[in-house]
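Heads up: the structure comes next, in structure tokens.
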């Protein structure tokens, strides 16, 4: 059975250093040896009655005789039952031999179903076997995990383990895109036999080696997925426990309490949720959910997939319910979640509001960030299609909405350059040419929205020319000769004409750049009668115009998609690009040659950028986080958003005052510190302590039991906002020092980034790199100088600026799904996707993740990669 686990883990009998390069991993199995869906899927209720969990027998006599119990006959692979005894008189009564608790569960009504027993050993048993995990509902276990987090001097080598055959097999299956059947192929069996000859560390061969086969491989994959699940539950629960700790203090000891609390928060893993729908070949719809956190040592965000579940409905309420299941699954996730990032689809934008309404988002949730430029293709289409797609707002007019929908269908380009044939007649043109009175009041607006440009014609002609060349050997030879003549070669092959595809990222820009590069070849091809004229001089003038704004746009998108770029860089990057577009627009509008200049292109694109700018500058978390970017600290946007009433106050002081006030409101729930509800004079000699869901931080290094009992009376009077004024003053002082430090070092750190720049970078490329790179250098070197601002900086870094993480994971999911989709149940598919995502960041096979923290696993992975 799939859910059965051996009494002990597979033997770690081999080193990860194997002769894999000398062996071909081609799948040599035949179709008849595929893993059936029965092996990987949960049987239907018609086949058996599945009971989800054990029922605890509360009043069962604790001093029961051993003679009343009998061992369960665990034949075959049902070895998990070896941890239980069965009642002789009542066989529906089971006793766990590890925790001695008694449960009611009739095995005969759910024959062969060992999942409830496994769930008990994993989640509820207070003394589980070594290869199962502890009960995270037990406060003692949570405290032990928190203790690990706070101990920075632990020997991490204790968590390193030798890879088993199973670990290696999973890695090969996922990285080499093999099917699970591969483990029983001739190639795989040869590999296992070769590895079995490698002696262990003590130079002795094991008596028995567990070799992978289709059945135990499926079990192992499921077990690994559960290990990852426990890993996240442990990490999230312990982080939430630290966050929920309360501290009582007084004004005299506030700085001491802040210092200790900030040290504790260094060990908290803050999370953001990134989720999106993935439709695989329009056959299966899945909701992918990722947890994204920030690795301060590496200076980049790290995403992990935790859910890839079927989602046939895209309604807001259904998405919210699926996310609600995740919040219930990971106890404490509500506490550590600081942000969300999705695309700008209407249903996605409503999800955070629905989650807030149902109480799933806590007071530490900073906000939902619609993905900036979430689809570069949509922005590209603004330049090429006849329709402007307003993805950040609602269309006021129902008629205009219909026009947008019809035109989008009519003028969509297929990958071969042809039009979509959904509409048989040009309804779009009919509406525009009609004398309908409903259009008269909006004629000017509609004229601006639907201004006709020839960009889409360029893409169509490009694809048609590529098709004509590829489909004729004569044309191929002619094209090759011209490329050789004009030096447009890539090695021994001519530069190919790129085909436009609406679904390929920035495909339109790639097409235009290649056409411009091939201009002499294409102009010469115009003289060939068999091909005809495809591109004239006016087309290339338009391409130059488009390239001026699309090339820096690509640089912007690439940086926003980089793991080092987070929420706090979003607004500075967007404003930098907007300023560049504005300058280009001024230059184009002053040009004396307006015949070939397509100003509507720039007008429409500027409108789109203005909408994004207004959207993001109106969001507090975007605005506040950008102030902590050293290249943006004196930006005029802050004066625009925080206008002064008293002109005698310096602009910088006025901005700092506003920012300190808003940052104070953000940080108070994370610090969780309260003044005593009595005068300081009465508590100057007292040690503040409160017990709340675990160990707390004291205002001093020592506290007596008598003092603990004395201060418990203040528990109900805890007021985290009592320190607001003093905290705001402390933040204001840090902001003043930060501003001066940032202004003095921004040039130095920008030059440091430029010193590592590449020759091919454009001026805007360098500007983009400086905005992100200089800021990362500053905070990596001066974090300790601004402890409160560093906490805010860490929180903002945990919020992604785009949902690109979901897109990347979907591409990996497609590789898994397409390889052997007939073999995979929904559960097995999700398990493989989760393991693949985890392997991208952490060496799962070489680290015992069930005993270590996230930071431990990341540090060990870096060390192992260096070996």
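Residue numbers (full-length UniProt numbering): 1 to 867. Virtual Cβ for every residue (Gly too), placed ideally from N, Cα, C.
When rounded, the separation of the alpha-carbon atoms in residue 550 and residue 824 is 42 angstroms. Beta-bridge partners assigned by DSSP to residue 308: 288. In the DSSP assignment, the residues bridged to residue 300 are 295. With distances taken between CA atoms, residue 536 lies nearest to 462 out of 495, 509, 245, 462. Beta-bridge partners assigned by DSSP to residue 71: 85. No residue range can be given for residue 564, since it is assigned to no beta strand (DSSP E) and is classified by DSSP as neither H nor E. The criterion of a C-beta distance shorter than 8 angstroms is satisfied by residue 246 and residue 674.
Distance check between residue 286 and each of 492, 606, 296, 275 places 275 closest, using alpha-carbon atoms only.
The C-beta distance from residue 221 to residue 765 rounds to 43 angstroms, too long to fall under 8 angstroms, and the pair is not in contact. Setting aside the 5 residues that flank it on each side, residue 84 is surrounded in the same chain by 72, 94, 95, 96, 97, 117, each with a C-beta closer than 7 angstroms to its C-beta; the list follows chain order. For residue 861, the enclosing alpha helix (DSSP H) has its first and last residue at 854–866.
Taking 8 angstroms as the upper bound for CB-CB distance, residue 652 and residue 514 are not in contact here, some 48 angstroms apart. Under the three-state reduction of DSSP output, residue 844 falls in the coil class, being neither helix nor strand. About 7 angstroms separates the beta carbon of residue 800 from that of residue 566, a gap short enough to meet the 8 angstroms contact definition. With fewer than 16 other beta carbons inside 10 angstroms of its own, residue 533 counts as exposed. Straight across, the Cα-Cα distance linking residue 89 with residue 58 is about 18 angstroms. Under DSSP, no beta-bridge partner is assigned to residue 724. The C-alpha of residue 306 lies about 9 angstroms from the C-alpha of residue 837. Out of 60, 67, 68, 105, the CA that lies nearest to the CA of residue 81 is found in 105.
Listed in chain order, the alpha helix (DSSP H) runs fully inside the stretch 246–275 are 254–265, counting runs of at least 4 residues. Taking all protein chains shown into account, residue 252 has fewer than 16 neighbouring C-beta atoms within 10 Å of its C-beta and is therefore exposed. Around the C-beta of residue 757, fewer than 16 other C-beta atoms lie within 10 Å, and the residue is accordingly described as exposed.
The shortest CA-to-CA distance from residue 227 to any of 860, 863, 858, 834 is the one to 834.
Here the stretch 576–589 makes no contact with the stretch 634–648; the two share fewer than three CB pairs at distances below 8 angstroms. When DSSP assignments are scanned along the stretch 452–486, the uninterrupted stretches of alpha helix (DSSP H) that are 4 or more residues long and fall wholly within it turn out to be 455–470, 473–485.
Within its own chain, the residues whose Cβ lies closer than 8 angstroms to the Cβ of residue 312, once the five positions on either side in sequence are excluded, are 285, listed in chain order. Judged by DSSP secondary structure, residue 230 falls within the alpha helix (DSSP H) whose first and last residues are 214–244. Burial check for residue 195: the Cβ neighbour count within 10 Å reaches 16 or more, so the residue is buried. Around the beta-carbon of residue 628, 16 or more other beta-carbon atoms lie within 10 Å, marking it buried. Here residue 724 has 664, 668 as same chain residues with Cβ atoms under 7 angstroms from its own Cβ, once five neighbours each way along the sequence are excluded. Assigned with DSSP and collapsed to three states, residue 350 falls in helix.
When secondary structure is reduced to three states using DSSP, residue 344 falls in the coil class, being assigned neither helix nor strand. Comparing alpha carbon positions, the residue from 672, 791, 769, 761 closest to residue 731 is 791. Counting the other Cβ atoms within 10 Å of the Cβ of residue 261 gives 16 or more, which makes it buried.
Less than 8 angstroms divides the Cβ of residue 290 from the Cβ of residue 304. Residue 487 counts as exposed, since fewer than 16 other C-beta atoms from the protein chains shown sit within 10 angstroms of its C-beta.
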